[in-house]
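*Asks:*
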Ligand SMILES: Cc1ncc(COP(=O)(O)O)c(C=O)c1O
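In my numbering, the protein residues as written are 7 to 420.
#1: Please confirm whether any heavy atom of ligand 1 lies closer than 7 Å to the CB of residue 246.
#2: Could you tell me how far apart the beta carbons of residue 201 and residue 153 are, in whole angstroms, since I believe they sit closer than 8 Å?
#3: In terms of residues, what are the limits of the beta strand (DSSP E) holding residue 125?
#4: Are the CB atoms of residue 96 and residue 303 within a distance shorter than 8 Å?
#5: Kindly indicate which three-state DSSP category residue 253 falls into: helix, strand or coil?
#6: For residue 12 and residue 64, what's the separation of their Cα atoms in angstroms?
#7: Can you tell me whether residue 384 sits near ligand 1, meaning its C-beta is under 7 Å from at least one heavy atom of the ligand?
#8: Could you check if residue 118 belongs to the surroundings of ligand 1, using beta carbon to heavy atom distance under 7 Å?
#9: Under 8 Å, do residue 350 and residue 357 count as touching if we go by C-beta distance?
#10: With H, G and I counted as helix, E and B as strand and the rest as coil, what does DSSP make of residue 53?
#11: To the nearest whole angstrom, what separates the beta carbons of residue 158 and residue 176, a pair I think is in contact under 8 Å?
#12: Taking one C-beta from the stretch 234-246 and one from the stretch 14-26 each time, how about it: are there three or more such pairs within less than 8 Å?
#13: Since residue 181 sits in a beta bridge, which residues does DSSP pair it with?
#14: Check residue 70 in the structure and name its three-state DSSP category.
#15: Look at the alpha carbon of residue 332 and the alpha carbon of residue 404, and state the distance between them as a whole number of angstroms.
#16: Compute the Euclidean distance between the alpha carbons of residue 189 and residue 226, then round it to the nearest angstrom.
#17: Does DSSP classify residue 230 as helix, strand or coil?
#18: Under DSSP, the alpha helix (DSSP H) around residue 157 begins and ends at which residues?
#19: On a CA-only basis, which of 278, 99 and 311 is nearest residue 269? Give me that one, please.
#20: Could you check the C-alpha separation between residue 208 and residue 240 for me, to the nearest Å?
#21: Out of 385, 245, 273 and 108, point me to the one whose CA is closest to residue 43's CA.
#22: Are the beta-carbon atoms belonging to residue 216 and residue 184 less than 8 Å from one another?
#23: Rounded to the nearest angstrom, what separates residue 402 and residue 371 at their Cα positions?
#24: With hydrogens ignored, establish whether the beta-carbon of residue 242 is closer than 7 Å to any heavy atom of ligand 1.
#25: Using C-beta distances below 8 Å, list every residue in its chain close to residue 79, excluding the 5 sequence neighbours before and after it, in chain order.
#26: If you draw a straight line from the C-alpha of residue 353 to the C-alpha of residue 173, how long is it?
#27: Am I right that residue 205 and residue 147 are in contact with their C-beta atoms under 8 Å? What's the rounded C-beta distance?
#28: Any heavy atom of ligand 1 closer than 7 Å to the CB of residue 149?
#29: Please state whether DSSP places residue 410 in a helix, a strand or coil.
#30: Let me know if residue 243 comes out buried or exposed under the rule of 16 or more other beta-carbons within 10 Å of its beta-carbon.
#31: In whole angstroms, what separates the C-alpha of residue 361 from that of residue 57?
#32: Between the Cα of residue 118 and the Cα atoms of 301, 329 and 266, which residue gives the shortest distance?
#33: Please report the distance separating the alpha-carbon of residue 32 from that of residue 264.
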C-alpha cells in the first residue's frame, strides 16, 4: 500500500492526477509503487512483467541492488555541486564513456533532448566558428525520426504530427527519407556548403523500431566526409548496450563525430550525454554551453554503476542472445497470425511487432488485455508493439510474454 495516500483508493487518486496534470499523457488507471528486477507492482498489490522498462530506460531493471547501493552511498556523500567544480563520479563516467566509445570529450545532460540540443549546438559552432565556415549552419535529419521536444530537437524530428501547433519551427533543417542513401546524397547535394551536420538514429525507435539496410551508416559516413559535414548519431534509445553492442554504430563499423545518449545510461535517473571527438569538442569553450544539473555527482555515479554492471556481468552478450530469442519468437507469432501481424523488426532488445488488420483499436486493446494479465507493453506509431525490456530479461519472461500475446491476439480475432 502506498505510504503517501494510505487512506485513498486508486480510482480517486487517478482522477486527481488526471485533473492536475497537463493532459498530454494517456495513462492507464493504475498507480505503480515499486519495482524489483523485471517486475513492478501497483498500489493495489497487482504485479506486472515490465517489457519496456520505462521506454528503454531501466537497463538493469528495477531497484537493481548495485544501483540502489550506489544511490544510497552517493546521496550520503554529495548529490550536487554544479559544474563549477570537478567531482570523481563525473570523471569516472567520462573515463568509461571515452574508453568504450569513439569519443574523446563528454558533455553531460539530463535528457536525450538536451543531449541532442548540445549536439546541434556544438556542430553549428564547430563549423561556423572553429572551422570558420560561417554559412555552414544547416542540418539534415530523417523522416519518421525522433530527437526530442525542444524547439531544435522538435524541428530535427521530421514528423509533421509533432509539429502541429508549434510552428514556426527553427530555420536550417532539411529532411530526407530514412534508410535511403541515394536520397540522403541528393539532399546533401541540394543543401551544399550550408550543411553542418547529419543527425540520424542508428535504429529509429519512436518511428516504429525501423532498422536501416546494412551499410547505411557507413554510407552516410562517406557522404558526410564528401560534403564536409559531421555525422551525429542519436543513440538515446540504442546506446549503452540495447542492441547487444555498447553503441549501435559498432554494428556498421562506423566512427561518428558526435553521439547523443540518455535513457539507459542513467538506469532510471535523469542522465544524458553528448559525446564527441577531440576536434569537435573544442567548439564548446567557457560561456558557450552549460547545464545546472547535467552530470551531477548522483546521476553520474549511477551512470557509472550502470556501465560497470553491464561490463562486469557480461550483459552485452546476454542482450544479444535474449534479443535473438525474442526476435525468433515474434517472427513465429507473426507467421502464425498473419491476419493481425504485419511484420517484426528490431535488433538486440529493441524489437517491434507491427499489427495490421482492419481494427485500428487493436494495438491499444492488446496493451490493455496484456495489462489485465499482468504484462506491461508499449505501442509506438499507433500500430506497433515495442519491446525494450531490461537487459536482465530471461527466456522465461520472453516466452511468457509471447504465449500471452498469442492468446490475446487469438481472442482479438476470434
Ligand atoms: C532517439 C531519441 N532521441 C531523443 C529522445 C528524447 O529523449 P528525452 O525524452 O530524454 O528528452 C528520445 C526519446 O524517446 C529518443 O528515442
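Backbone N, C-alpha and C fix where the C-beta goes; we use that ideal spot for every residue, glycine too. Quick caveat: nothing in here was measured; it's all calculated off a predicted structure.
*Replies:* In brief:
#1: Along the chain shown, one-based indexing puts residue 246 at 240. No, since every heavy atom of ligand 1 falls outside the 7 Å radius drawn around the Cβ of residue 246.
#2: Along the chain shown, one-based indexing puts residue 201 at 195. Along the chain shown, one-based indexing puts residue 153 at 147. Not a contact, Cβ separation roughly 17 Å.
#3: Stepping through the chain shown from its first residue, residue 125 is reached at position 119. First-last for residue 125: 118-131, but that is the alpha helix (DSSP H), not the beta strand (DSSP E).
#4: To locate residue 303, count along the chain shown from 1; it is residue 297. To locate residue 96, count along the chain shown from 1; it is residue 90. Against a cut-off of 8 Å, the Cβ pair of residue 96 and residue 303 comes out as a contact.
#5: Locating residue 253 in the chain shown gives position 247, where the first residue counts as 1. Residue state, collapsed to three classes: coil.
#6: Counting from 1 along the chain shown, the entry for residue 12 is found at position 6. Counting from 1 along the chain shown, the entry for residue 64 is found at position 58. Approximately 27 Å, taken between the alpha carbons.
#7: Taking the chain shown and counting its residues from 1, the one referred to as residue 384 is at position 378. Result no, Cβ not under 7 Å from ligand 1.
#8: Residue mapping note: residue 118 aligns to position 112 of the chain shown, counting from 1. For residue 118, the distance from the CB to the nearest heavy atom of ligand 1 is below 7 Å.
#9: Here residue 350 refers to the residue found at position 344 when the chain shown is read from its first residue. Here residue 357 refers to the residue found at position 351 when the chain shown is read from its first residue. Closer than 8 Å, so yes.
#10: Against the chain shown, residue 53 aligns to sequence position 47. Looking at residue 53 - three-state DSSP - the assignment turns out to be strand.
#11: Here residue 158 refers to the residue found at position 152 of the chain shown. Here residue 176 refers to the residue found at position 170 of the chain shown. Indeed they touch by this definition, with Cβ atoms about 6 Å apart.
#12: no
#13: In the chain shown, the residue the question calls residue 181 occupies position 175. Paired residues: 147.
#14: The residue labelled residue 70 in the question sits at position 64 within the chain shown. Correct three-state label for residue 70: coil.
#15: For this step, residue 332 is matched to residue 326 along the chain shown. For this step, residue 404 is matched to residue 398 along the chain shown. C-alpha of residue 332 to C-alpha of residue 404: approximately 6 Å in a straight line.
#16: Taking the chain shown and counting its residues from 1, one reaches residue 189 at position 183. Taking the chain shown and counting its residues from 1, one reaches residue 226 at position 220. If you take the alpha carbons of residue 189 and residue 226, they lie about 11 Å apart.
#17: In the chain shown, counting from the first residue as 1, residue 230 sits at position 224. Residue 230 falls in the helix class under three-state DSSP.
#18: One-based indexing of the chain shown puts residue 157 at position 151. It spans 157-162 - the alpha helix (DSSP H) in which residue 157 sits, taken as one unbroken run.
#19: As a first step, residue 269 must be located in the chain shown, where it is residue number 263. It is 278.
#20: For the purposes of this step, residue 208 is taken as residue 202 along the chain shown, with counting starting at 1. For the purposes of this step, residue 240 is taken as residue 234 along the chain shown, with counting starting at 1. Near 7 Å, if we compare the C-alpha coordinates of residue 240 and residue 208.
#21: Here residue 43 is taken as the residue at index 37 of the chain shown, counted from 1. The candidate whose alpha carbon is nearest that of residue 43 is 273.
#22: Mapped onto the chain shown, residue 216 falls at position 210. Mapped onto the chain shown, residue 184 falls at position 178. In this structure, residue 184 lies closer than 8 Å to residue 216 by Cβ.
#23: As a working mapping, residue 402 is identified with position 396 in the chain shown. As a working mapping, residue 371 is identified with position 365 in the chain shown. Going by the C-alpha atoms only, they are around 24 Å apart.
#24: Locating residue 242 in the chain shown gives position 236, where the first residue counts as 1. Checking the Cβ of residue 242 against ligand 1 gives yes.
#25: Along the chain shown, read from residue 1 onward, the residue named residue 79 stands at position 73. 307, listed in sequence order.
#26: As a working mapping, residue 353 is identified with position 347 in the chain shown. As a working mapping, residue 173 is identified with position 167 in the chain shown. Going from the Cα of residue 353 to the Cα of residue 173 covers about 34 Å.
#27: Position 199 of the chain shown, counting from 1, holds the residue named residue 205. Position 141 of the chain shown, counting from 1, holds the residue named residue 147. Rounded, the Cβ-Cβ distance is 5 Å, consistent with contact.
#28: Position 143 of the chain shown holds residue 149. Because no heavy atom of ligand 1 lies under 7 Å away, the Cβ of residue 149 does not count as near it: no.
#29: The residue labelled residue 410 in the question sits at position 404 within the chain shown. Correct three-state label for residue 410: helix.
#30: Counting from one through the chain shown, the residue named residue 243 turns up at place 237. Classification for residue 243: buried.
#31: Walking along the chain shown from the start, residue 361 turns up at place 355. Walking along the chain shown from the start, residue 57 turns up at place 51. C-alpha separation (whole angstroms): 17 Å.
#32: Looking up residue 118 in the chain shown gives position 112. The shortest C-alpha separation from residue 118 is found at 266.
#33: As a position in the chain shown, residue 32 is number 26, starting the count at 1. As a position in the chain shown, residue 264 is number 258, starting the count at 1. Cα to Cα, the separation comes out at about 34 Å.
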